[in-house]
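Undergrad: Just dropping this structure here.
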Amino acid sequence: MKKLHFFFFVFSLFSSHFIFAQDEATIEKEILELHKPTRIINDSIVKLQKEVYQKIEVEIDSVIKNKLILRLDSLENAKDQNAINELKLDFIFAKKHPNSLASLKLMRRNVGRFTGMNFYDTYVDVFQNFSPEIKNSEEGKEMSEKLKYFNQSKVGSIAPNFSLKDIDTKTISLTDFKGEKYILIDFWASWCAPCREELPYIKELYKKYQPQGLEIISITKDEKSDLWKKAIEKEKIESWKHISILENQSTIDKDYFVNGIPHKVLIDKNGIIIGKWKGGGENNKHDLQQLLKSVFEAE
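Residue 129 in full-length UniProt numbering is what sits at position 129 of the sequence shown, and the numbering runs on without skipping anything.
Written out as structure tokens, the structure is:
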């Protein structure tokens with residue numbers, strides 16, 4: 001009799017696992033179907049981008065070339081908006097499937113990217129709607145931790161404090177500037193092409209606003225200090241402060257929820273995050289410039 005009970009127990013366990021796996025497979029198929037329209041749009045935009053890139057490479061006329069570059073920007077904006085539209089669909093889907101790990105993975109995918117940057121409250125709402133089993137799973141605990149770092153580094157939050165050695169081994173603390181300076185933190189690396197492409201623009205901002213109270217702290221993710229230091233010298237950006245995550249054995253990138261570079265954070269004199277930009281592009285440049293203009297013109 002005991003053997004029979006054990007057999008039924010194992011059979012029941014196997015059956016429930018099989019049913020769960022079947023359900024998850026069904027949900028994953030539904031997700032693929034859900035994403036089909038936005039993936040078609042994304043693929044068409046990428047195709048257009050490649051065509052414009054090819055035209056830029058052979059174009060000699062500077063006026064036409066600039067128009068093509070603007071066209072690239074508009075296509076990138078369209079791609080971003082399409083990704084945001086897909087994320088909104090994902091939120092609705094995840095709310096309807098609170099017992100699914102596939103739904104949770106759907107939420108985790110964009111939580112640290114540009115796409116999800118302005119949706120903290122929605123992420124929290126959807127996450128709280130998951131069943132206790134999903135929230136307490138390993139994936140659920142990871143998501144909970146991500147939301148913690150997301151919250152402490154979003155616009156409106158008090159910027160996480162740090163005290164780190166700079167390139168000259170001088171200790172730099174965020175609190176040193178409180179009440180006196182606006183801080184632009186620029187997460188970058190010598191190997192990051194988009195990061196280095198933006199340096200002339202950042203130099204212009206520094207030249208214009210440093211006398212009015214702007215300080216820049218560049219924080220590198222370089223794993224080779226010699227390449228980092230050579231890049232600073234080559235780009236002629238010694239004017240502002242430089243910190244290495246590696247040399248400090250720091251987790252500042254985690255504290256500021258940095259999942260990719262370039263990544264910029266603007267902090268006001270009260271230590272509050274007032275701006276955050278993930279990735280490069282003309283839109284981010286324009287938004288940062290307009291915010292700095294409003295800040296220093298107001299003062």
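Ideal placement from N, C-alpha and C gives every residue a C-beta, glycine not left out.
Closer than 8 angstroms by C-beta to L48: which residues in its own chain qualify, once you throw out the five before and the five after it? Chain order, please.
TA: L75
Undergrad: Within this structure, are the beta carbons of I134 and L104 separated by less than 8 angstroms?
TA: yes
Undergrad: With burial defined as no fewer than 16 other Cβ atoms inside 10 Å of the residue's Cβ, what is the status of N161: buried or exposed?
TA: exposed
Undergrad: For G281, is the classification buried or exposed, using 16 other Cβ atoms within 10 angstroms of its Cβ as the cut-off for buried?
TA: buried
Undergrad: Between the Cα of K178 and those of K208, E215, E204, spot the shortest distance and give me the residue it belongs to.
TA: E215
Undergrad: For W188, which beta-bridge partners are listed by DSSP?
TA: T220
Undergrad: Where does Y53 sit, in a helix, a strand or coil, going by DSSP?
TA: Residue state, collapsed to three classes: helix.
Undergrad: Measuring alpha carbon to alpha carbon, tell me which of N248, I267, I202, H242 ends up nearest H286.
TA: I202
Undergrad: With a CB to CB cut of under 8 angstroms and the five nearest residues on each side skipped, what residues in its chain are close to E238?
TA: I232
Undergrad: Throw me the rounded Cβ distance for the G213 and K181 pair, which I believe falls under 8 angstroms.
TA: 5 angstroms
Undergrad: Which residue marks the beginning of the alpha helix (DSSP H) containing W228, and which one marks its end?
TA: 225 to 235
Undergrad: Thinking C-alpha only, which one of K67, N82, K88, H97 is nearest E28?
TA: Minimum Cα-Cα distance from E28 among the listed residues K67, N82, K88, H97 corresponds to H97.
Undergrad: Starting from the C-beta of S294, find all residues in its chain whose C-beta is less than 6 angstroms away, skip the five residues before and the five after it, and write them out in chain order.
TA: none
Undergrad: Indicate whether at least one CB of chain C lies closer than 8 angstroms to the CB of I237.
TA: In summary, chain C is missing from the structure at hand, where a single protein chain is found.
Undergrad: Evaluate V46 with the Cβ neighbour count: other Cβ atoms within 10 Å of its Cβ, from every protein chain shown; 16 or more gives buried, anything less gives exposed.
TA: exposed
Undergrad: Are the CB atoms of D80 and F119 nearer to each other than 8 angstroms?
TA: no
Undergrad: Is the beta carbon of E24 closer than 8 angstroms to that of L101?
TA: yes
Undergrad: Taking the C-alpha atoms as reference points, what is the distance between V124 and Q290?
TA: 30 angstroms
Undergrad: Tell me the DSSP bridge mates of I172?
TA: L164
Undergrad: Please report how far the alpha carbon of residue 336 lies from the alpha carbon of K170, in whole angstroms.
TA: Only positions 1 to 299 of the chain appear in the structure, and residue 336 is not among them; the question remains open.
Undergrad: Using a 10 Å radius around the Cβ and a threshold of 16 neighbouring Cβ atoms, would you call A94 buried or exposed?
TA: buried
Undergrad: Three or more C-beta pairs under 8 angstroms: does that hold for the segment 260 to 269 against the segment 243 to 251?
TA: no
Undergrad: Which residues bound the alpha helix (DSSP H) around G275?
TA: Segment 273 to 278 is the beta strand (DSSP E) holding G275; no alpha helix (DSSP H) there.
Undergrad: Would you list the residues sitting across from L214 in a DSSP beta bridge?
TA: Beta-bridge pairing links L214 to Y182.
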